[in-house]
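Structure first, commentary second.
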Amino acid sequence: MIGRVFIIIGVILFGFVSFSRAELKVDDVKKALPGTQIKEVNPTPIQGLYEVIAGGNVLYMDESGRYLLVGEIYDLKTSKNITATRLEEITRIDFSSLPLDKAVKVGSGKYRLAVFYDPDCPYCKRLYSELRDLKEFTIYYFLYPLREIHPDAYDKSVSIWCSKDRAKALDEVESGKDIPKKECSHPVDEIIALGSNLGINGTPTIILPDGRSITGYVPKEELLKRVGDSDKKESSCKESGECK
Numbered sequence: 032m033i034g035r036v037f038i039i040i041g042v043i044l045f046g047f048v049s050f051s052r053a054e055l056k057v058d059d060v061k062k063a064l065p066g067t068q069i070k071e072v073n074p075t076p077i078q079g080l081y082e083v084i085a086g087g088n089v090l091y092m093d094e095s096g097r098y099l100l101v102g103e104i105y106d107l108k109t110s111k112n113i114t115a116t117r118l119e120e121i122t123r124i125d126f127s128s129l130p131l132d133k134a135v136k137v138g139s140g141k142y143r144l145a146v147f148y149d150p151d152c153p154y155c156k157r158l159y160s161e162l163r164d165l166k167e168f169t170i171y172y173f174l175y176p177l178r179e180i181h182p183d184a185y186d187k188s189v190s191i192w193c194s195k196d197r198a199k200a201l202d203e204v205e206s207g208k209d210i211p212k213k214e215c216s217h218p219v220d221e222i223i224a225l226g227s228n229l230g231i232n233g234t235p236t237i238i239l240p241d242g243r244s245i246t247g248y249v250p251k252e253e254l255l256k257r258v259g260d261s262d263k264k265e266s267s268c269k270e271s272g273e274c275k
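Count the sequence shown with this note's numbering and you get residues 32 to 275, in order.
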């Protein structure tokens, strides 16, 4: 039994908006959902039902623009979660576009990871402690302080970046040591803006080589498996020339 079901919502506005047309358009959805960032509207395998990409979410709307469906679509024949697959596609990040020169580089292994990291985030510390001895990894830590919940994290991030040995400063912070407060020209604000544009709203957020992201702590064994799968997918798509 599928635990999640559709919640069907009649979209009610200041004098109800309805579109009596066969094909739903982006402008139609924007009228029905004012103030919502609508990126795409696409047909689904279900006749009369359209996929709506709103920010980093996948929603569904009928062709009249009257009903909004929030939930997941499953193909019972293939046992495939159609919504989850699409969500993974639209949230994929081009690893090669990341400004790796503005991250703290740790390690020199063949597997690459990028981590959006808050120095006061307990789950970041837990992840860091598990990854610190993995010699096969090169990890790029983007300093991404969540000031609303960790008011000291911004200054710590700046101090890490301004340290002579950034990787050492990061390790000291993660070991519970205090590092001297430092000031210099730094990319912390730029990384905060980048993370916001990428829809990153929690730490740690891990970016895999194939662009998939993982938000939150994952055990080392699970991460190693995902990195291996990601590396295979990246190699396969490069060989086929179909990388997205």
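Note that beta-carbon positions come from the ideal geometry of N, C-alpha and C, so glycine has one too.
> Which class does Y248 belong to by DSSP, given the choice of helix, strand or coil?
Replying inline: coil
> Which whole-angstrom value is the C-beta distance of V101 and L90, which I expect to be below 8 Å?
Replying inline: 6 Å
>> Taking the beta carbon of F47 as the centre, do at least 16 other beta carbons fall within 10 Å, making it buried, or is it exposed?
In response: Because the pLDDT at F47 is just 38, under 50, the model does not fix this residue reliably, and the point stays unresolved.
> Under a three-way DSSP split, which group does R178 fall into?
Replying inline: coil
> By a C-beta neighbour count over all protein chains shown, 10 Å radius and 16 as the cutoff for buried, is C215 buried or exposed?
Replying inline: exposed
> Buried or exposed: which applies to G259, given that a residue is buried once 16 or more other Cβ atoms fall within 10 Å of its Cβ?
Replying inline: exposed
>> For R143, list the residues DSSP reports as bridge partners.
In response: T169
> Nearest to E180 by CA position, among L55, R143, A145, N232, is which residue?
Replying inline: Looking at the sequence itself, residue 180 is Ile, so the reference to Glu does not match. Taking only the C-alpha atoms, the option nearest I180 is N232.
>> Quick test of your reading: S188 and I210, contact by CB under 8 Å. State the CB separation rounded to the nearest angstrom.
In response: Wrong, their Cβ atoms sit about 11 Å apart, outside the cutoff.
> Beta carbon of R143, beta carbon of T114: below 9 Å?
Replying inline: no
>> Among the candidates L158, L254, L174, E253, whose CA atom is the shortest distance from the CA of G226?
In response: L174
> Whose C-beta lies closer than 7 Å to the C-beta of G242 among residues of the same chain, with five residues either side of it excluded?
Replying inline: R123, I124, D125, F126
> Should D132 be labelled buried (16 or more other beta-carbon atoms within 10 Å of its own) or exposed?
Replying inline: exposed
> Is the Cβ-Cβ distance between A224 and Y172 less than 9 Å?
Replying inline: no
>> Are there any heavy atoms of the ligand ZN lying less than 8 Å away from the beta-carbon of Y148, as far as the coordinates show?
In response: Of ligands this structure carries none, so the ligand ZN is not represented either.
> For C155 versus P235, is the C-beta spacing smaller than 9 Å?
Replying inline: yes
>> Excluding the 5 residues flanking I69 on each side, which residues of the same chain have their C-beta closer than 6 Å to its C-beta?
In response: V57, V60, K61, A85
> Looking only at C-alpha atoms, which of P65, T67, G66, E94 sits nearest to I77?
Replying inline: E94
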